[in-house]
Amino acid sequence: MYKELMLASLLAAVVPLSWADQAPATPQQQEAPVAEPADDGTISEEQFLDSLTFRSGNVVVGSNLATLDLPENLVFLDGADAERVLVEAWGNPPDEKLPLGMILPKGVSPLADESWAVTVEYEENGYVSDEDAADINYDDMLKDLQDGAEAENAWRAENGYEPIAIVGWASAPHYDAEGKKLHWAKEVKFGDSDEHILNYNIRVLGRKGVLVLNFIAGMHQLPQIEENLPAVLAMTDFNDGNRYADFNPDLDQVAAYGLGALIAGKAAAKVGLFAAALILLKKAWFLPVLLIGWVWRRMSGKNKQPQPVAVEPQVQPETKPKAEAAPERTSSVMDLNNPRDDDKR
């Protein structure tokens, strides 16, 4: 285990941060450069980072669904770039539906060990009543979640994924009745790894559905996440017409579940680079093309750091990504609360 941790630490080595040091707030029309792979099919860390388009300031997500008022220390990737980070850089299975985007700390590479992120999604399942907020027994819920995760592990083993264990609440559920925002955190263990995953969740209730924000980080980053939590909560709001207060009982659908169901869900979490590295190294999974040469250099001792390349990050208006053919169904390891489609039937 010690040797694997050392390898994972090397894998997560810090790369130059000049690409995201000063993200301009003024939109530009120029597209981000395309990362051209080398003859052996790999691309460098710098090429990958330079191909991402980081945005700052006010970002509208969805079809005028909500606005993220980003503070100075955070940047945003749209859905297509967010999925590239999750799949190509962090080794997660792809999802059939792109996220709305991803929030990251400014000036920290998503390929660095100290990186973390917040994925942004939307579930349009109707207006979620908060009448049960005061009646939920979170101790009983935790036990149910742990039992559910254990049952889910049979499916994960059959499909080549590490088992998941929910260790406990990293932060007990809390509901802000005025802001209509719910947040909680679970401590999650993958396989027999000593590095536990922090699954910190935020749900913002709206007129027709729920904004789903999930932190992806390690347990050792809990103090840092808690420090940034108030800013993430404050920056996220539905736009007029989509707010919770805009609900019209004569026109709008009511969800078939309440607040408790937003917390109690299936166990399948997307992981960041450090945890993904442990899983990949231990199971000898195929590494994404981005990381093949990188991992080999680290493991063979050729760990000379590349020279910094100053590339101004490109900022552009949010555009709807082109529809892509849905990948062959795999388990999404996104959120400890989203059931697989076959579980919904």
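Just so you know, the sequence shown maps onto residues -20 to -1, 1 to 325 in mature numbering (1 follows the signal peptide of the UniProt record, and there is no 0).
No residue lacks a Cβ here, since even glycine has one placed at the ideal position from N, Cα and C.
What residue does the alpha helix (DSSP H) around Gly240 start on, and which one ends it?
239 to 243
**Report entry** Every unbroken beta strand (DSSP E) inside the region 63 to 106 [3 residues or more]
**Finding:** 81 to 85, 97 to 103
- Task: Note down, in chain order, each residue of its chain lying with its Cβ closer than 8 Å to the Cβ of Leu78, except the 5 sequence neighbours on either side.
- Result: Gly59, Ala60, Ala62, Glu63, Pro301
Since I believe Leu45 is in contact with Tyr102 (beta carbons under 8 Å), could you give me their beta-carbon distance rounded to a whole number of angstroms?
-> 6 Å
Would you call the region 117 to 133 and the region 82 to 92 touching, i.e. three or more CB-CB distances under 8 Å?
no
Take Val39 and list the residues in its own chain whose beta-carbon comes closer than 6 Å to its own, dropping the five residues that flank it on each side. Leu48, Phe56
Cβ-based burial, Val234 [other Cβ within 10 Å; buried from 16] | exposed
Any idea what DSSP makes of Arg136, helix, strand or coil? helix
For this session: Over the uninterrupted beta strand (DSSP E) stretch that includes Leu178, give me the two end residues.
Result: 177 to 185
- Query: How far does the alpha helix (DSSP H) with Asn208 in it reach, from first residue to last?
  - Reply: 202 to 215
Task: Stretch-stretch touch, CB-based, cutoff 8 Å, three pairs: the region 148 to 159 with the region 68 to 75 - done: no
If you reduce the DSSP assignment to three classes, tell me which class Ala129 lands in. helix
Please list the terminal residues of the continuous alpha helix (DSSP H) segment that includes Leu29. 25 to 30
Glu142 and Gly186 - do their beta-carbons sit closer together than 8 Å? no
Item checked: Assigned exposure category for Ala197 - 16 Cβ within 10 Å defines buried -> buried
C-beta atoms of His176 and Glu167 nearer than 8 Å | yes
Determine the DSSP secondary structure at Gly59, reduced to helix, strand or coil. helix
Checklist entry - Can you name the start and end residues of the beta strand (DSSP E) that Lys161 belongs to? => result 161 to 170
To the nearest angstrom, how far is it from the Cα of Asn208 to the Cα of Asn179?
14 Å
Point to revise | Assumed close pair Phe195, Val98 - CB separation to whole angstroms, cut-off 8 Å | key: 5 Å
**Item:** Helix, strand or coil at Asp156 [DSSP, three-state]
**Value:** strand
Out of Ala165, Val65, Met215, state which residue places its alpha-carbon closest to the alpha-carbon of Ile243.
-> Ala165
Proximity to Leu66 [Cα-Cα], best of Ala114, Leu80, Pro210: Leu80
_Three-way DSSP call (helix, strand, coil) for residue 337 in this model_ = Residue numbering for the chain in the displayed model covers -20 to 325; residue 337 lies beyond these limits and cannot be assessed.
Practice item. Using three-state DSSP, classify Asp49 as helix, strand or coil. Key: strand
> Leaving out five residues before and five after Arg183 in sequence, what residues of the same chain have Cβ atoms less than 6 Å from its Cβ?
Replying inline: Leu162, Val190, Leu242
Any idea if Pro85 is buried or exposed, counting beta-carbon neighbours within 10 angstroms, 16 or more meaning buried?
buried
Of the listed residues Leu54, Glu104, Glu68, nearest to Gln27 (C-alpha basis) = Glu68
Q) Would you report the Cα separation of Leu213 and Val41, rounded to the nearest angstrom? A) 16 Å
So, for Asn105: in the same chain, excluding its five sequence neighbours on each side, which residues have a beta-carbon less than 6 Å away from its beta-carbon? Gly189, Ala235
Expected contact under 8 Å - CB spacing of Gly238 and Glu52 to nearest Å: Actually they are not in contact, since the Cβ atoms of Gly238 and Glu52 sit about 37 Å apart, beyond 8 Å.
> Excluding five sequence neighbours on each side, which residues of the same chain lie with their C-beta closer than 6 Å to the C-beta of Gln126?
Replying inline: Ile146
* Look up Phe34 in the DSSP assignment and give the residues it is bridged to. => Answer is none; Phe34 lacks a bridge partner.
Legend entry - Assigned exposure category for residue 328 - 16 Cβ within 10 Å defines buried: This structure cannot settle anything about residue 328, because the visible part of the chain is limited to -20 through 325.
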